[in-house]
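Student: Here it is, the structure, as structure tokens.
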Amino acid sequence: MNLHDYLQSRRALVDRMLDATLPPANTPPAVIHEAMRYAVLGGGKRIRPIVAIAAAEACGADVEPLLVPISALELIHSYSLVHDDLPALDNDDLRRGRKTTHVVFGEAMGILTGDALLTEAFAWLAKPIAGVDAQRQVRAISEVATAIDSTGMIGGQVADIVAERSQWRAGVPAPASDGGGDGGAPLPDDRDALIRELHFIHRNKTGKLLTASVVLGGILAGGTEEQLAALRRYGDALGLAFQIVDDLLDIEESSAMLGKTAGKDVAQGKLTFPALLGAEAARAEVARLLDVAVENADMISGPVNTLTPIARYICERRS
Numbered sequence: 138m139n140l141h142d143y144l145q146s147r148r149a150l151v152d153r154m155l156d157a158t159l160p161p162a163n164t165p166p167a168v169i170h171e172a173m174r175y176a177v178l179g180g181g182k183r184i185r186p187i188v189a190i191a192a193a194e195a196c197g198a199d200v201e202p203l204l205v206p207i208s209a210l211e212l213i214h215s216y217s218l219v220h221d222d223l224p225a226l227d228n229d230d231l232r233r234g235r236k237t238t239h240v241v242f243g244e245a246m247g248i249l250t251g252d253a254l255l256t257e258a259f260a261w262l263a264k265p266i267a268g269v270d271a272q273r274q275v276r277a278i279s280e281v282a283t284a285i286d287s288t289g290m291i292g293g294q295v296a297d298i299v300a301e302r303s304q305w306r307a308g309v310p311a312p313a314s315d316g317g318g319d320g321g322a323p324l325p326d327d328r329d330a331l332i333r334e335l336h337f338i339h340r341n342k343t344g345k346l347l348t349a350s351v352v353l354g355g356i357l358a359g360g361t362e363e364q365l366a367a368l369r370r371y372g373d374a375l376g377l378a379f380q381i382v383d384d385l386l387d388i389e390e391s392s393a394m395l396g397k398t399a400g401k402d403v404a405q406g407k408l409t410f411p412a413l414l415g416a417e418a419a420r421a422e423v424a425r426l427l428d429v430a431v432e433n434a435d436m437i438s439g440p441v442n443t444l445t446p447i448a449r450y451i452c453e454r455r456s
């Protein structure tokens, strides 16, 4: 099976599970369940559950019994997008090629939709899994929770907001405060400190959930500690590369191609790899991270291993 067919088939598995397991749209109160399904089922690459599936398969597992907890990763990702798009954060009206959830359902419902998706995700993660012992499942849940807490994804989002509101780069004015204070202390002026701050933002805001997705697949599959360590290194490299590629696409591609508003990073004065280091250096860093991901993918000796082609796809994508 070539990579395109593999991605299509695994995306279809996840989409079917999401559609079947989310509450029906007419479940009272209908508006929140309509909004949840709108946010989740309106397209998307399903990268996080797909890398979890690939990791589980590489460790020798049958993924069918694992699809509910693996699909929960997409609920978490969708929750983060719904909240990121809100007026208080990125204030965006386009996501996955259509209107964002809060534009369609209202800001209050957008907040509640994100809350509901996050809660639903942990309900799915906690459902008993045939053939998986409770200790392994608890470890997998902890892996995901730690990745998205205030020292993980949320911490990265906070650092991103602080950077956006800071005079980090000459000629980029800090956006006006939204009334919640000064947005935190200005970022340091020296280049090395800015690079460290940028790594912190990307590894936490985007990278940790992707790493947790890969590791979750390995844990639920019963992977060895050596396999899990290789999967973690793979996920760490791929998670950072994924966000750098996003930064590049924001300045290189159109809104129509991306399915979301292009040029937002520059308009909002965000701290990004292309803005700080230039596009050529950013691409070089993606290439380095891809090498790290491939090296670790090759350490997993399962019967089916699509981790390397997936890494290349993520690093070479144009949307």
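Each residue of the sequence shown is one higher than the last, beginning at 138 in the working numbering. Using N, Cα and C, we set each Cβ at its ideal position, and we do this for glycine too.
1. Cα separation between residue 207 and residue 186?
2. At the level of alpha carbons, what is the spacing between residue 443 and residue 145?
3. Check residue 345 in the structure and name its three-state DSSP category.
4. Could you tell me the alpha carbon to alpha carbon distance between residue 329 and residue 142, rounded to whole angstroms?
5. Pick helix, strand or coil for residue 494, following the three-state DSSP scheme.
6. For residue 147 and residue 447, what's the separation of their Cα atoms in angstroms?
7. Here's the rule: buried if 16 or more other CB atoms are within 10 angstroms of the residue's CB, otherwise exposed. What is residue 341?
8. Give the straight-line distance between the Cα atoms of residue 202 and residue 217, rounded to the nearest whole angstrom.
9. Would you tell me roughly how many angstroms separate the C-alpha atoms of residue 361 and residue 215, rounded to the nearest one?
10. Can at least three beta-carbon pairs, one atom from the region 168–178 and one from the region 253–261, be found at a separation below 8 Å?
11. Would you give the residue range spanned by the alpha helix (DSSP H) that residue 144 belongs to?
12. Judging by CA-CA distance, which residue of 153, 450, 437, 212 is the nearest neighbour of residue 376?
Tutor: Looking at the coordinates:
1. In the sequence shown, counting from the first residue as 1, residue 207 sits at position 70. In the sequence shown, counting from the first residue as 1, residue 186 sits at position 49. If I take the Cα positions, the gap works out to 5 Å.
2. Counted from its first residue, the sequence shown places residue 443 at position 306. Counted from its first residue, the sequence shown places residue 145 at position 8. The alpha-carbon separation between residue 443 and residue 145 amounts to approximately 13 Å.
3. In the sequence shown, counting from the first residue as 1, residue 345 sits at position 208. In the structure shown, residue 345 sits in a helix (DSSP, three-state: H, G or I).
4. Within the sequence shown, numbered from 1, the residue matching residue 329 stands at position 192. Within the sequence shown, numbered from 1, the residue matching residue 142 stands at position 5. Our two residues, residue 329 and residue 142, have alpha carbons roughly 42 Å apart in a direct line.
5. The displayed coordinates of the chain run from 138 to 456. Any statement about residue 494 would go beyond what the structure contains.
6. Along the sequence shown, read from residue 1 onward, the residue named residue 147 stands at position 10. Along the sequence shown, read from residue 1 onward, the residue named residue 447 stands at position 310. Taking the straight line joining both Cα atoms gives about 12 Å.
7. As a position in the sequence shown, residue 341 is number 204, starting the count at 1. Looking at its Cβ environment, which holds 16 or more other Cβ atoms inside 10 Å, residue 341 is buried.
8. As a first step, residue 202 is located in the sequence shown; it is residue number 65 there, counting from the start. As a first step, residue 217 is located in the sequence shown; it is residue number 80 there, counting from the start. Approximately 26 Å, taken between the alpha carbons.
9. The residue labelled residue 361 in the question sits at position 224 within the sequence shown. The residue labelled residue 215 in the question sits at position 78 within the sequence shown. Cα to Cα, the separation comes out at about 30 Å.
10. yes
11. Here the question's residue 144 lines up with position 7 in the sequence shown. 140–158 is the extent of the alpha helix (DSSP H) around residue 144.
12. Taking the sequence shown and counting its residues from 1, the one referred to as residue 376 is at position 239. Taking only the C-alpha atoms, the option nearest residue 376 is 450.
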